[in-house]
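Q:
Residue numbers (this note's numbering), protein chains in the order written: chain A, 462 to 1296; chain B, 6 to 258.
Here it is as structure tokens:
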């Protein structure tokens, strides 16, 4: 009973420290619960959602004119494949899926458009929200959107959803939202469902694709299928198809959620270390304070083990209370966590509360704290009664006189503070560890914040390809070089480069195809950065992405064999590149290098680099004035004004445009007889096939993610600042309590409260500065590891930024300890003398 | 005529005790003269220590004035009082209160360096003073817990006088010492006094009081009697003891 009372006494005496430990334990369990459940839910949320949709596991979307029936046949005949269906979809990918947002601005999404019939061939069309049947029937142009438009992009039923194509707005009314298995992410694109009539109308605006959907077992191998396709047709299907599959969709949806998990893990480790450190410190202080009482108890016959138990009871209370509160909070937080997971993934998620997981975490954390407390409380054994009565002779300093005042120069407060620090440096180790971990988390969060401070620009810089303002796809037969030379003279144009259309090529012994990024001279590129080696200069050189290098074990100087259709060529790897684009599997070749692989390749488009801040719309208007409408824009001319001849010419233009852009026709001539009159024309008037902006598309994909990560990083910064503040406050207050007598003596000698507050703050500085340096080094390693293993890129870091963060951290620590030392003002010399 | 360096006017000091005001010092007028060795005596609870703290600027009076060399100090802020104490007051405590993590020499220099810049002269002065009170160069490197009570108190005295304070205040400096150590410490006080140092000391010990030139007796927060003596060592010690005893008996001590 006496032992239990000692515990209660300790709790009552040091309420603020007990509250701090409860707080830190609470946060630890809460965050760990979040991390574990988040990581679990990250997987289950996708799987559950996917399973609900009844979606097939694979889709292959092929350019219509390149589709061959053999592709379907090979799937149908494959015993590892079932439920094979062939459907049609309209392609709004690579910048062509333009939508007018609620502010009237255009924004590009990767998207496909299909009918309900096609949707039901692919999956069960599981609606999450819907208008009533009668309401839908009354709609002129209904559209069904996948859940990310509701969960992440905040569209509501009844909203107007406007597609922008061929210079026209096509307003739809959102009839409802549905859960999509595949094609439910900004990365892979979305699948939008429209009525049969609207599909037909829009088919004039968007290229139609053939979609093969099917379920495949684990034994099915995509690359083998592609090889069989090539064998059967002599054509490389992978060059003109997109493959969508369950694991790929999952990977892309959870990749950024992992950033949150890593940050939360950091934070939970910070709080756990802080809590255990505070416990260690508190027990040491308590034992010193209660030395004589310990001596009395031992003299009365209590064993040191029993006395140690008094400290254990205390932490059963404080650690247990914090863990219990954290566990309850974590359980209550489940709907919010579901919402976060859902928002990040763009899926509705109503996962079960992970009560068991939260309880296990709470128990583990409590056990860690109790174990730590018991270990530290074992120090009681070191004090048999006689020593305890003498207040523990071991606690006095008999060592070398560090920084003797005899040799003092400069400020006495700083000297005394440093002297005290070096004498008690051991007690600073725990503080240092806390600051190292907190500081590392801080630097990590600041780097994230810095990276995302300009929205998506940071991510864009890691794409591994130039994200240009405007891409102009040219008509067949148009000389891209001449065209490039012409428009490079236009106002606002900084640079024009030829583009080979990002063809897919296959890599020998690799399941991952790669997009070929082709430049005549890579020095013209602006967003391709090597982590090792250099740009390709010769036709036998290639650069590969860092992700491929790491996962497939390639190094500089190695050879890599790639295929295009039946042509196989080997290249020497001369450089490794950071690349997030196309899942980070890009391949980089010079024009000559690519021509070895595809001798008939001709640049089909140009990439236009505009001057900074130059209005893209103005540039596109200038293009229109010079070259007329693009073929795509001419496809959908519906009602024409003017006389009969001009109306006929417009219809003829429309038909030519469809032939050219949809069926690969290169030249069209027409002659139309109207009575005695002949109206003639040809397709030479078309130069531009399509204009798109990869920059817009990238922004629409990445902006929400960047915003969320930025927000979370700010939250993490505030959180870490609070935790560091709490730790330093408790340590400072604890130091003041321990040194109350010494501080009183100093006051009696004429040291003012301000002098002593400065001393108290300066005492933390050596360990803070050292810890900040170690924290920075740790943060650099952790950040690099995170980007490399998380996203397959080598992330640079700014030494300047890290130094600034370190300085701010040090100033913050000084400020907190200085403010926390205000208690010194309350110390009265007279109280000491009357004790 | 000996000048006054410290005066009080209507000095009051009260403490709140469970909602009740306890008046420890009541309308006290007194003065401390330069060069005097003043001893304040009285029964327990008479307000001796409270008066000492109020006089030395360690504590603020509830009412009244404290003038130190003509400067009123009762309204100074705590930090202003700290600065005031640096140059004017030295303190010797009953429990010594040395800084445990610092050597003997550093304890002395810690008190000095807040007032003076470090110099070879200052270090020499500290060492000389320590030697004078009987501590060897070896002792100067020791930590407080390696010293005897008497040795520690001698360090405390050196620390208090290192800045040549206007007044040296001492609160029962021999209260925790054995008789031999007490005598050594008191001899040091007497020597310092003979060198012109003004001293104000609180004690309830007759042997200590014998060293004074002036004894003030307190009862219930007010001065009820004063007794003056010649400088210690210049008169007959037995007669001195007898006269002081007689005074104290009259005071009901």
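Positions of the beta carbon are idealized from the N, C-alpha and C atoms, including for glycine.
Quick check: what's the CA-CA separation for residue 249 of chain B versus residue 41 of chain B?
A: Answer to the nearest angstrom: the Cα atoms are 17 angstroms apart.
Q: With a cut-off of 9 angstroms, does the C-beta of residue 1256 of chain A fall near any C-beta of chain B?
A: False, the Cβ-Cβ gap to chain B never drops below 9 angstroms.
Q: Could you say which of A:699, A:1258, A:655 lies nearest to residue 992 of chain A if we only look at CA atoms?
A: Nearest C-alpha to residue 992 of chain A: A:1258.
Q: Is it buried or exposed, residue 798 of chain A, if we count other Cβ atoms within 10 angstroms and call 16 or more buried?
A: Buried.
Q: Please report the distance separating the alpha-carbon of residue 1285 of chain A from that of residue 86 of chain B.
A: Their backbone Cα atoms lie some 15 angstroms apart in a straight line.
Q: Which of the three DSSP states is assigned to residue 121 of chain B in this structure?
A: DSSP places residue 121 of chain B in coil when its eight states are reduced to three.
Q: Give the straight-line distance between the Cα atoms of residue 961 of chain A and residue 691 of chain A, rounded to the nearest whole angstrom.
A: The alpha-carbon atoms of residue 961 of chain A and residue 691 of chain A are separated by roughly 21 angstroms.
Q: Would you say residue 884 of chain A faces chain B, with C-beta separation under 9 angstroms as the test?
A: Output row for residue 884 of chain A: interface = yes.
Q: Just checking: is the beta-carbon of residue 98 of chain B within a distance shorter than 9 angstroms of some beta-carbon in chain A?
A: At least one chain A Cβ lies under 9 angstroms of residue 98 of chain B.
Q: Within 9 angstroms (strictly less), CB to CB, does residue 1212 of chain A reach chain B?
A: Closer than 9 angstroms to some Cβ of chain B, the Cβ of residue 1212 of chain A qualifies, so yes.
Q: Does residue 107 of chain B have its Cβ less than 9 angstroms from a Cβ in chain A?
A: Yes, its Cβ sits closer than 9 angstroms to a Cβ of chain A.
Q: Against chain B, does residue 866 of chain A count as a neighbour if the rule is that its beta carbon must be under 9 angstroms from one of theirs?
A: Interface residue, yes.
Q: Between which two residues does the alpha helix (DSSP H) harbouring residue 582 of chain A extend?
A: 577-583 is the span of the alpha helix (DSSP H), which, as asked, contains residue 582 of chain A.
Q: Beta carbon of residue 1087 of chain A, beta carbon of residue 948 of chain A: below 9 angstroms?
A: In contact: residue 1087 of chain A and residue 948 of chain A (Cβ atoms closer than 9 angstroms).
Q: Residue 91 of chain B versus chain A: which residues are under 7 angstroms apart at the beta carbon?
A: Those are 1211, listed as they occur along chain A.
Q: Residue 104 of chain B versus chain A: which residues are under 7 angstroms apart at the beta carbon?
A: Under the 7 angstroms cutoff, chain A gives 1203, 1206.
Q: Just to confirm, are residue 1205 of chain A and residue 102 of chain B a CB contact at a threshold of 9 angstroms?
A: Yes, they are a contact pair.
Q: What is the rounded straight-line gap between the Cα of residue 808 of chain A and the Cα of residue 1168 of chain A?
A: Rounded to the nearest angstrom, the two C-alpha atoms are 18 angstroms apart.
Q: Mind checking if residue 1193 of chain A is an interface residue toward chain B, Cβ cutoff 9 angstroms exclusive?
A: With 9 angstroms as the cut-off, residue 1193 of chain A does not count as an interface residue toward chain B.
Q: Just verifying my parser: in three-state terms, what is the DSSP assignment at residue 217 of chain B?
A: If DSSP states are grouped into helix, strand and coil, residue 217 of chain B belongs with coil.
Q: Touching or not, the stretch 671-679 of chain A and the stretch 503-521 of chain A, by the rule of three or more beta carbon pairs under 8 angstroms?
A: Cβ pair count under 8 angstroms is three or more, so yes.
Q: Given this structure, state the Cα-to-Cα distance separating residue 1282 of chain A from residue 184 of chain B, to the nearest angstrom.
A: So the two alpha carbons sit approximately 41 angstroms from each other.
Q: Which residues, taken in chain order from the stretch 232-258 of chain B, show a beta carbon closer than 8 angstroms to some beta carbon of chain A?
A: Those residues of the stretch 232-258 of chain B that come within reach of chain A (Cβ to Cβ, closer than 8 angstroms) do not exist; the list is empty.
Q: Closest Cβ-Cβ distance between residue 745 of chain A and chain B: below 9 angstroms?
A: Taking Cβ atoms only, chain B never reaches closer than 9 angstroms to residue 745 of chain A, which makes this a no.
Q: By Cβ distance, which residues of its chain are closer than 7 angstroms to residue 1299 of chain A, with the 5 residues on each side in sequence left out?
A: Residue 1299 of chain A cannot be examined here, being either before or after the span of chain A that is shown, 462 to 1296.
Q: If we count the other Cβ atoms within 10 Å of its Cβ and call it buried at 16 or more, is residue 1105 of chain A buried or exposed?
A: Classification of residue 1105 of chain A: exposed, given that the 10 Å Cβ count is below 16.
Q: Which residues does DSSP list as the beta-bridge partners of residue 27 of chain B?
A: Answer by DSSP bridge pairing, in chain order: B:20.
Q: Assign residue 793 of chain A to one of two classes, buried (16 or more other C-beta atoms within 10 Å of its C-beta) or exposed (fewer than that).
A: The residue in question, residue 793 of chain A, is exposed, as its Cβ has fewer than 16 Cβ neighbours within 10 Å.
Q: Would you mind stating whether residue 478 of chain A and residue 1195 of chain A have Cβ atoms separated by less than 9 angstroms?
A: Yes. Within cutoff.
Q: Which residue from B:115, B:14, B:258 puts its Cα closest to that of residue 73 of chain B?
A: Of B:115, B:14, B:258, the residue nearest in Cα terms is B:14.
Q: Could you check if residue 692 of chain A belongs to the surroundings of the ligand MG, using beta carbon to heavy atom distance under 8 angstroms?
A: Here there are no bound small molecules, and the ligand MG is not part of this structure.
Q: What residue from A:743, A:918, A:838 has the CA that sits closest to residue 472 of chain A's CA?
A: Checking every option, the nearest Cα to that of residue 472 of chain A belongs to A:743.
Q: Say whether chain B places a C-beta atom closer than 9 angstroms to the C-beta of residue 892 of chain A.
A: So, not an interface residue.
Q: For residue 713 of chain A, which residues in the same chain have their Cβ closer than 7 angstroms to its Cβ, ignoring the five residues on either side in sequence?
A: The answer, listed in chain order, is 646, 648, 649.
Q: Output the boundary residues of the alpha helix (DSSP H) element that contains residue 85 of chain B.
A: 83-93 is the extent of the alpha helix (DSSP H) around residue 85 of chain B.
Q: How many angstroms separate the CA atom of residue 736 of chain A from the CA atom of residue 485 of chain A?
A: Straight-line Cα distance between these residues: approximately 6 angstroms.
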